[in-house]
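In our numbering, the protein residues as written are 3 to 596.
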């Protein structure tokens with residue numbers, strides 16, 4: 003019906019694309035309504051736009067797979083990058099079209115229970131009745147030739163022509179027949195087509211590469227990695243700093259793949275705020291897939307298998323391994339124009355033993371205060387309420403962005419801390435449906451009374467905050483709320499406060515020798531209850547409050563180390579000249595950091 007009896011090329015393509023899209027949507031509609039409670043209104047149109055890219059993307063992906071296998075067999079990694087670029091581009095176009103469609107107003111309609119159940123049953127009945135009616139109609143009406151009467155006439159003319167004897171003026175010999183059937187070759191047009199294709203490919207490559215050049219804006223992305231933390235800071239000139247890695251290596255790599263171009267797999271530095279599994283386990287596969295320049299830690303060993311695997315990866319003797327340093331109060335890091343200062347933990351504050359409830363490790367989280375172009379942000383790790391009074395007593399500035407501590411736990415981000423910071427934007431990194439009750443209702447209430455905007459990765463997806471001159475832009479990757487929002491610092495502030503100024507009395511850098519990290523407590527593993535490093539908030543929660551497990555079939559926590567080159571640029575430490583931290587069995591040279 004969509005194609006009609008004699009469709010042209012464009013209508014035939016539209017009919018096929020739209021027909022397949024509608025058929026697939028109708029067949030899966032009952033399940034989608036029942037499980038997700040959401041009906042997409044734009045999917046037929048979006049699928050029509052996506053259809054031209056699907057077949058080329060599949061072919062390009064097969065070529066990319068071959069390139070990856072060749073690189074794994076020993077060829078330079080550049081081979082896999084080059085042959086994988088077409089697939090990366092085509093798949094990126096598909097994802098971009100889908101996200102643009104999903105961001106349209108009224109792109110989908112939500113149906114809450116029990117309306118979704120009624121709609122699912124109605125959709126299933128409608129699909130069944132339509133299929134039965136269509137089957138009966140097809141049996142009652144024999145299929146027509148592809149193009150109706152015109153096709154029949156064409157076939158008849160062909161048959162008549164075959165039966166007509168040759169005339170005096172027509173080629174009658176076999177040689178003449180072969181001569182008339184031989185196609186004419188034109189080398190010129192084919193060469194021009196090849197040149198045009200190469201020029202178009204080069205133009206697309208230039209456009210894609212230009213789109214990924216640094217634009218001078220600083221971005222902080224709180225990535226949606228589930229029940230854990232992973233924050234990517236991108237400087238205006240291309241510097242990259244990753245703070246924590248979440249609980250799952252596969253999920254972290256997918257999120258990074260969305261943000262880093264395949265020709266520049268570089269992370270200049272990694273900061274591990276504290277060694278709990280929901281912050282360190284995702285980092286294990288990072289060294290095998292990205293070029294990491296430096297690793298910064300508090301100096302505290304972790305009790306879980308993820309940290310043990312991370313230790314094993316860092317202990318490899320490959321020449322390209324990142325250098326490793328301990329951070330403490332007063333240390334500074336610079337990512338292009340972003341200046342970061344460590345507010346906690348103090349030198350010598352590391353505990354001599356690990357508490358079973360995990361609070362001791364949480365309270366040794368590295369706390370970073372960042373400043374760029376007059377904007378401030380605070381990254382708090384999992385610090386709990388015991389640390390808040392110490393930081394408040396030393397003096398805290400007001401901030402534009404607060405990464406809420408400990409996934410919005412009831413025992414973190416106290417009211418006095420919020421009164422001192424008065425953030426405009428509060429971002430909570432939390433897993434959907436987690437068994438801990440995070441974020442706690444009390445914490446959300448405190449944030450709502452102070453912060454102008456409260457965002458959550460379980461509802462908003464990955465949260466990207468861009469500092470571009472006076473403007474502060476907030477973009478959300480998806481989730482269950484609005485697609486994007488934007489604010490500007492020169493507009494009416496979300497929270498009234500005095501103009502920002504140097505009203506801080508942060509302690510100066512404290513010179514000290516290299517911190518001796520605690521030995522890994524594998525021999526005393528029985529004294530550490532890993533499942534209790536988060537305490538359930540707001541009463542008992544089904545599921546026991548255990549740590550989130552990695553996604554099945556994700557990369558292992560301890561993959562074999564791969565030979566790889568590393569380079570570190572974009573992150574400088576001008577105020578710290580001490581030797582790197584050492585751990586027994588994993589010594590580092592004594593050179594001061596650049």
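In this text, a Cβ means the ideal position worked out from N, Cα and C, and glycines have one as well.
Since we're looking at a predicted model, the values are computed, not measured.
When 82, 107, 30, 92 are compared against residue 122, the one with the closest alpha-carbon: 30
Secondary structure of residue 42, DSSP reduced to three states: strand
First and last residue of the uninterrupted alpha helix (DSSP H) at residue 279: 279-282
Same chain, Cβ closer than 7 Å to residue 361, five either side skipped, listed in chain order: 386
Rounded separation between residue 131 and residue 196 - CA only: 51 Å
Paired residues, beta bridge with residue 240 - DSSP: Answer by DSSP bridge pairing: none, since residue 240 is not bridged.
Cβ-Cβ distance between residue 328 and residue 300 below 8 Å: yes
Distance CB(residue 415)-CB(residue 406) smaller than 8 Å: yes
Rounded C-alpha distance that separates residue 469 from residue 476: 9 Å
Residue 361: first and last residue of the uninterrupted beta strand (DSSP E) it sits in: Note, residue 361: premise wrong, no beta strand (DSSP E); alpha helix (DSSP H) at 361-364.
Segments of 3+ residues assigned as beta strand (DSSP E) that fall wholly inside the segment 384-459: 403-405, 427-430, 455-458
Proximity below 8 Å, CB of residue 264 to CB of residue 294: no
Same chain, Cβ closer than 7 Å to residue 9, neighbours up to 5 away in sequence not counted: 17
Of the listed residues 471, 278, 231, nearest to residue 375 (C-alpha basis): 471
Buried/exposed call for residue 120, threshold 16 Cβ in 10 Å: exposed
Element boundaries [alpha helix (DSSP H), containing residue 269]: Careful: residue 269 lies outside any alpha helix (DSSP H), inside the beta strand (DSSP E) at 268-274.
Cβ pair residue 255, residue 248 closer than 8 Å: no
Cβ-based burial, residue 134 [other Cβ within 10 Å; buried from 16]: exposed
Residue 78 versus residue 63: straight-line alpha-carbon distance, rounded: 19 Å
Bridge-paired residues (DSSP) for residue 373: 341, 378
Opening and closing residue of the beta strand (DSSP E) in which residue 328 lies: 325-328
Distance CB(residue 371)-CB(residue 335) smaller than 8 Å: no
Reduced DSSP category for residue 334 - H, G, I as helix; E, B as strand; rest coil: strand
Per-residue DSSP class, three states only, for residue 12: helix
contact_flag[the segment 437-444, the segment 345-352] where n(CB pairs < 8 Å) is 3 or more: no
Cβ neighbour criterion (16 or more within 10 Å) applied to residue 257: buried
Buried or exposed by the 16-neighbour rule on C-beta atoms within 10 Å, applied to residue 465: buried
Residues near residue 53 by beta carbon distance below 6 Å, same chain, minus five either side: 19
Residue from 290, 283, 333, 298 with nearest C-alpha to residue 310: 283
The segment 96-113 / the segment 32-43 touching (three or more Cβ pairs under 8 Å): yes
Sequence-distant residues of the same chain with beta carbon closer than 6 Å to residue 236, five excluded per side: 221, 242
Minimum C-alpha distance to residue 338 - residue among 419, 97, 219, 246: 219
Residue nearest to residue 226 in terms of C-alpha spacing, selected from 288, 388, 260: 260
Test item: CB-CB of residue 378 and residue 392 under 8 Å: no
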